[in-house]
C-alpha cells in the first residue's frame with residue numbers, strides 16, 4: 002500500500018507472475034508419464050496385459066502375480082491366460098486378432 006504524506010492510503014501496489022510453466026514442472030511423476038505406471042504398479046486390483054497376436058501375458062502388476070499364484074512377475078510373463086484360469090473363465094481368453 003502506498004500512502005500520501007498525510008498518512009492516507011493512495012493506492013495499492015502489487016506484483017503478479019504467471020507460474021503455470023514452473024508449476025507444471027513440479028510433479029515429475031505426472032509430467033514424465035510415470036503416473037500411469039505408478040497406478041499400474043501400486044493397484045490392489047490385478048491387472049494383466051495380453052498381446053492379442055500371441056495371446057500371451059506381456060505385463061502384469063504385483064496384485065495379479067499374487068492372485069494368480071505366481072512366485073514372481075517373470076514366472077508369469079509369456080504364459081497363455083488359459084493356463085491359470087478355471088475352465089469357465091478360459092473362454093474369455095479366446096482372442097481373435099483384429100483385422
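In our numbering, the protein residues as written are 2 to 100.
Cβ coordinates follow ideal geometry from the N, Cα and C atoms, glycine included.
Looking at the DSSP output, residue 10 bridges to 4. Counting only residues of its own chain and dropping the five nearest sequence neighbours on each side, residue 52 has a CB closer than 7 Å to the CB of 59.
Nearest neighbour of residue 38 by Cα position, chosen from 61, 5, 68, 78, turns out to be 61. Taking each of 36, 35, 66 in turn and checking the Cα distance to residue 50, the smallest one comes out for 66. Closest by C-alpha distance to residue 57, out of 7, 84, 8, 9, is 84. By the beta-carbon neighbour count (other beta carbons within 10 angstroms, threshold 16), residue 10 is exposed.
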